[in-house]
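Novice: Mind having a look at this structure? Questions to follow.
2 protein chains.
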Amino acid sequence: MPGPKAADQGREVRGRLLRVAAELIAERGWSAVSTRMLAERAGVTPGLVHYHFSSVHALLTEAAIGTMRSLVEGLGPLLERAGTAEEALDLMLAALDEHDGRDPLSLLFAETYLAAARDETLRRSLAEVVTAFRDRLAARLAAQGVAAPDQTAAVVAAAIDGLMLHRAFTPGLTAPAVAPILRRLLDGRVLT
Amino acid sequence: MPGPKAADQGREVRGRLLRVAAELIAERGWSAVSTRMLAERAGVTPGLVHYHFSSVHALLTEAAIGTMRSLVEGLGPLLERAGTAEEALDLMLAALDEHDGRDPLSLLFAETYLAAARDETLRRSLAEVVTAFRDRLAARLAAQGVAAPDQTAAVVAAAIDGLMLHRAFTPGLTAPAVAPILRRLLDGRVLT
DNA sequence: AAACGCCTTGGACGATCGCCCAGGGCGTAC
DNA sequence: GTACGCCCTGGGCGATCGTCCAAGGCGTTT
Numbered sequence: 019m020p021g022p023k024a025a026d027q028g029r030e031v032r033g034r035l036l037r038v039a040a041e042l043i044a045e046r047g048w049s050a051v052s053t054r055m056l057a058e059r060a061g062v063t064p065g066l067v068h069y070h071f072s073s074v075h076a077l078l079t080e081a082a083i084g085t086m087r088s089l090v091e092g093l094g095p096l097l098e099r100a101g102t103a104e105e106a107l108d109l110m111l112a113a114l115d116e117h118d119g120r121d122p123l124s125l126l127f128a129e130t131y132l133a134a135a136r137d138e139t140l141r142r143s144l145a146e147v148v149t150a151f152r153d154r155l156a157a158r159l160a161a162q163g164v165a166a167p168d169q170t171a172a173v174v175a176a177a178i179d180g181l182m183l184h185r186a187f188t189p190g191l192t193a194p195a196v197a198p199i200l201r202r203l204l205d206g207r208v209l210t
Numbered sequence: 019m020p021g022p023k024a025a026d027q028g029r030e031v032r033g034r035l036l037r038v039a040a041e042l043i044a045e046r047g048w049s050a051v052s053t054r055m056l057a058e059r060a061g062v063t064p065g066l067v068h069y070h071f072s073s074v075h076a077l078l079t080e081a082a083i084g085t086m087r088s089l090v091e092g093l094g095p096l097l098e099r100a101g102t103a104e105e106a107l108d109l110m111l112a113a114l115d116e117h118d119g120r121d122p123l124s125l126l127f128a129e130t131y132l133a134a135a136r137d138e139t140l141r142r143s144l145a146e147v148v149t150a151f152r153d154r155l156a157a158r159l160a161a162q163g164v165a166a167p168d169q170t171a172a173v174v175a176a177a178i179d180g181l182m183l184h185r186a187f188t189p190g191l192t193a194p195a196v197a198p199i200l201r202r203l204l205d206g207r208v209l210t
């Protein structure tokens, strides 16, 4: 058996590297994150990075997907609790208001989207995470009688991400300003 | 007077570097474009890059903004010619259909958005270009009686960009699929 | 012809890159 | 105790990075 003490510390360091990686992707950009940056901020030696991960790219991928997955999964139950479709939309608008397009989380999302366009594996994982969220939202919209719930959910999700991207250089794009517009997306009702 | 022959060739090389830069931003990503890459593809020596531009970053900025500006300005007249607001939206949907989120133009836009989040100067220039387009679209929507034309235009523009980003890993997100949903955004009419 | 202006070359500078590996520390299993 | 397994260090590999600069080509102006 492996020594449990050392193994625990190893897992701790691995986790720290993942957290640091998510930070640095946002700060410097995906392809500008280096082995030595990661090691320095995590308080370890550069060599240790390649002990825990097969490559820097693999570390970044696991960090980005992991962070996004846990965040999206945390949003799920909140979505379930939303009574009306409008409340579900308000939930996403609240998320929009917490970010200005230049904060770590917004940038992590955007960087990962972009990196996925150039990496097959990352693209698959990302699709999995986003699809899971979209399906949850679509189910919520369907229960509220919104027509074409799948496509509506896809457009709402894309619109929120697009607004996040645009907010970085358009400060006026706040949640209260766009809420009335986005609400129109829910207007295709089957039932009143 | 400067020798006009050499000056002409200089301008030609400068322009070629700008075109190559726009290509490489899309292919490799903003921060992964190097002096030597640019020089090789443009068929010149690495040293020449820093003769025509103060830095690689300055070259990338000028290339990205220039490409985006000329593209957006080319879209302006087409927008002017659109009769109804729905036709204006169809025009943007057609643009969406030409790109799949992994083509050079989509990636150039996304890369520039992201780079702008970390660079004040780029952010200002980008805001100028995007605002110009948004204003044109808003004017078109206002003429068609759409309520809150400014915010509507902002949301439509952001939604199109967001859809482009999502299309990279969600192939089903085609223009025909999302057109009926996006059309709801124009439903806030003052006049019939 | 000589001087000037602009474009261009090719090489050099120190810094940083991803990745690899020999070796040491240390707790557990024989 | 000895051997084993895992974590970790520190240094080294060749490659690439952005930027700079001395030197030369070449058409235009005196």
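These protein sequence lines map, in sequence, to chains U and G. Under the numbering used here, the first sequence has 205 at position 187, and the numbering climbs by one with no breaks. Under the numbering used here, the second sequence has 130 at position 112, and the numbering climbs by one with no breaks. Just so it is clear, CB atoms sit at the ideal spot from N, CA and C, and this is done for glycine as well. Owing to the predicted nature of the structure, the values given are computational and were not obtained by experimental measurement.
What are the residues of the stretch 105–137 of chain G that lie near chain U, defined by any Cβ-Cβ distance shorter than 9 Å?
Specialist: G119, R120, S124, L125, A128, E129, Y131, L132, A133, A134, A135, R136
Novice: Any residues in the stretch 184–202 of chain G with a beta carbon nearer than 7 Å to a beta carbon of chain U? Which ones, in chain order?
Specialist: With the criterion set as a beta carbon lying under 7 Å from some beta carbon of chain U, the members of the stretch 184–202 of chain G are H184, A186, F187, T188, L191, A195, V196, P198, I199, L200, R202, in sequence order.
Novice: Does the beta carbon of U/L77 sit closer than 8 Å to a beta carbon anywhere in chain G?
Specialist: no
Novice: Assuming G/G180 is part of the alpha helix (DSSP H), what are its boundary residues?
Specialist: 167–185
Novice: Here's a check: name, in chain order, each residue in its chain whose Cβ is nearer than 7 Å to the Cβ of G/T85, leaving out the five neighbours to either side.
Specialist: A40, L126
Novice: By how many angstroms is the C-alpha of U/E116 removed from the C-alpha of U/S124?
Specialist: 10 Å
Novice: Against chain G, does U/Q169 count as a neighbour if the rule is that its beta carbon must be under 8 Å from one of theirs?
Specialist: yes
Novice: Less than 7 Å between C-beta atoms, sequence neighbours within five positions excluded: which residues of the same chain meet that for G/P20?
Specialist: In this prediction, G/P20 has a pLDDT of 47, which is less than 50 and means its spatial position is unreliable; what the coordinates show is noted afterwards. Within the same chain, G/P20 has no close Cβ partners at all.
Novice: Excluding the 5 residues preceding and the 5 following U/T63 in the sequence, name in chain order all residues of the same chain whose CB lies nearer than 7 Å to its CB.
Specialist: A57
Novice: Run through the stretch 41–98 of chain U for me and flag every whole alpha helix (DSSP H) of 4 or more residues, listed as ranges in chain order.
Specialist: 53–60, 64–70
Novice: Mind pulling the alpha helix (DSSP H) runs of 4 or more residues that sit fully within the stretch 113–142 of chain U?
Specialist: Unbroken alpha helix (DSSP H) runs of no fewer than 4 residues, entirely contained in the stretch 113–142 of chain U, are found at 122–134, following chain order.
Novice: If we ignore side chains and look at the alpha-carbon of each, how far apart do U/T149 and G/G180 end up?
Specialist: 15 Å
Novice: Quick check on the burial criterion: 16 or more other C-beta atoms within 10 angstroms. Buried or exposed for U/R54?
Specialist: exposed
Novice: Straight-line CA distance for G/L209 to G/R158?
Specialist: Low per-residue confidence applies at G/L209: pLDDT is 45, beneath 50, and the placement is therefore not dependable enough to give any value.
Novice: So which residues of chain G does U/D179 contact, with C-beta pairs closer than 8 Å?
Specialist: G180, L183, H184
Novice: Verify the CB distance criterion: does U/L155 have a CB-CB separation below 8 Å to chain G?
Specialist: no
Novice: Pull up the distance between the alpha-carbon of U/G33 and that of U/A82, whole angstroms please.
Specialist: 13 Å
Novice: How far does the alpha helix (DSSP H) with U/A193 in it extend, from its first residue to its last?
Specialist: 193–201
Novice: Using a Cβ-Cβ distance cut-off of 8 Å, determine whether U/R59 contacts chain G.
Specialist: no
Novice: CA-CA distance, U/G94 and G/R202?
Specialist: Within the model, the alpha-carbon separation for U/G94 versus G/R202 is close to 26 Å.
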